[in-house]
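One structure below.
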Amino acid sequence: MPAGALSRERDVREAYSAHSGELYGFAVRSLDDAGLAEEAVQETFLRAWRAGERFDPQIGSLRTWLFAILRNVVIDLGRARSVRPKVSQGGIEPAVEPLDEALLSWQVEEAMRRIGDDHRRVLVETYYRGRPYAEVAAELGIPEGTVKSRVYYGLRALRVVLEEMGYED
Amino acid sequence: MKTERCRDWRESLGAYALGHLPAEERAGLEAHLEGCPDCRAEVESLSAVALLLPHADPERFGPAPQPAPDLGERIAATIAADRQVVHRSRRRRRFGFALSGAVAAAAAVLALVILPGGSDGVPEQHVQFASLPSGVTITATLEPHAFGTEIHMYVSGIRSGTLCRVFLRGPGGTRYPAGSFRYRWGDNSEAVLSSALDLSRTAAIGVHAGNRTFIAPVDQATAAIDNQTKADAT
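Chains as they are written, first to last, in the numbering used here: chain G, 51 to 219; chain E, 9 to 242.
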């Protein structure tokens, strides 16, 4: 068993304090139900604990591993909830793609939460609300050029945070 | 090559990537980009981030939801109660690593969320991919579930960072996507994936990695798959 594997109850506690917030956030985002999300996080740590000796922190991140488990748990829960998933015409069950979309959405939203307030604010106003830069500048009491540069540094900050979170592509 | 001009334009690159730059300014910037690989690279990188923005819902930028304060304790209690079961299941080993004994042990819990049916009597399948480039190994374990099939995939020897798309193939040759993962050099952990196709109806498993598709038959469906593989190649 590799040293540091998730093999002791203490390891699970540490993993929980480090990652439960993010895992729960994604579970809520994809299941849209706080109770079900807690169930998903609980099941994730239980599965992680049971498979703990397969995890080696020397080679892969615990976070990535836990997210992979959670993803499966969410699929299971989602399918159980919808009782009988509808089968599309080609016979292919489409439930997985919305989940990946939910994961992507959650990652971008989480990254938005982690960048500075000033950066997030200008991105929300100019991009999501589609407001003119001059109007946003006037409202914030800053020059229009500063709005523009905050958009630039905001996108850069998002890029860095997404990289830190392990986002690729 | 960094120039004075770059400094003039740099802070407009974000607005440009978002498509917010007025036409006149855009034309000026594009003229600069023509001759400036550094700024072009920066625009490309920012544009990739800009493409992600529509996936987010600005209503959700507020504080992240938090689990109930006692969830950690509840999990710790569940795990403490689980110890004995785990010790039993860890004795089950195949392929040199502990396989999904944990899944069997989890059945009691999962019974709450997974309805039985659809996979009666189909044992889990171990699949070894053959005809791989030298140094590459791919193995998979397929487990039946009511929702379809859970796939544990182990890859080694391919280029680090390679995107691997996994699919199952049904009796008629229909592909059922099972998700994707990225192989990292030195990472011998498993990728855990799932597909809606019942294991009992799964004829083959395929991995598309680095422009190549590797297919391994599942159970006794070898002949059918060989034909299908040939059909694919044409």
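All C-beta atoms in this analysis are idealised placements derived from N, C-alpha and C, irrespective of residue type, glycine included.
Asked	Found
Rounded distance between the beta-carbons of threonine 210 of chain E and leucine 176 of chain E, thought under 8 Å	5 Å
Reference proline 236 of chain G; option with closest CA among G:Arg97, G:Gly85, G:Asn122 and G:Ser57	As displayed, chain G neither begins before 51 nor continues past 219, which places residue 236 of chain G out of reach and without an answer.
Residue-chain proximity (phenylalanine 175 of chain E, chain G), Cβ-Cβ < 8 Å	no
8 Å contact criterion, which glutamine 74 of chain E and tyrosine 203 of chain G should meet: CB distance rounded	Not quite, the Cβ-Cβ distance comes to about 29 Å (not below 8 Å), so this is no contact.
Range of the contiguous beta strand (DSSP E) that encloses alanine 148 of chain E	145-153
Proximity winner among G:Phe95, G:Ala187 and G:Gly195, relative to valine 62 of chain G (alpha-carbon distances)	G:Phe95
Contacts that arginine 163 of chain G makes with chain E (C-beta to C-beta distance below 9 Å)	Arg68, Phe69, Gly70, Pro71 and Ala72
Element boundaries [alpha helix (DSSP H), containing glutamate 12 of chain E]	12-18
Check whether leucine 29 of chain E and leucine 41 of chain E have beta carbons under 8 Å apart	no
Counted within 10 angstroms of its Cβ, other Cβ atoms place asparagine 122 of chain G as buried (16 or more) or exposed	buried
Nearest residue (CA-CA) to valine 158 of chain G, options E:Thr86, E:Ser168 and E:Ala58	E:Ala58
Endpoints, beta strand (DSSP E) assigned at proline 216 of chain E	It should be noted that the sequence gives histidine, not proline, for residue 216 of chain E. Segment 212-217, the beta strand (DSSP E) holding histidine 216 of chain E.
Beta-carbon separation (whole angstroms), leucine 54 of chain E vs leucine 79 of chain E, contact threshold 8 Å	About 38 Å; that fails the 8 Å criterion.
Sub-8 Å separation of methionine 215 of chain G and phenylalanine 69 of chain E beta-carbons	no
C-beta neighbour in chain E for isoleucine 192 of chain G, strict 8 Å	no
Closer than 8 Å to chain E by CB, phenylalanine 117 of chain G	no
Reduced DSSP secondary structure (H/G/I, E/B, other) of leucine 22 of chain E	The sequence shown places glycine at residue 22 of chain E, not leucine. Helix, per DSSP.
Complete runs of the alpha helix (DSSP H) confined to the region 18-89 of chain E [at least 4 residues]	21-25, 31-42 and 45-60
Minimum Cβ-Cβ distance from isoleucine 142 of chain G to chain E less than 8 Å	Confidence at isoleucine 142 of chain G is low in this model, with a pLDDT of 43, below 50, so the placement of that residue should be treated as unreliable; the coordinate-derived value is given next. So yes, isoleucine 142 of chain G belongs to the interface.
Min CB distance glutamate 88 of chain G to chain E below 8 Å	yes
N- and C-terminal bounds of the beta strand (DSSP E) containing arginine 190 of chain E	183-190
Simplified DSSP assignment, three categories, for serine 138 of chain G	Because the pLDDT of serine 138 of chain G is 42, which lies under 50, any placement of that residue in the model is unreliable, and the question is left without a value.
Cβ of glutamate 160 of chain G within 8 Å of any chain E Cβ	yes
Residue range of the alpha helix (DSSP H) that includes glutamine 92 of chain G	84-100
Proximity of alanine 204 of chain E and tyrosine 191 of chain E at Cβ, strictly below 8 Å	no
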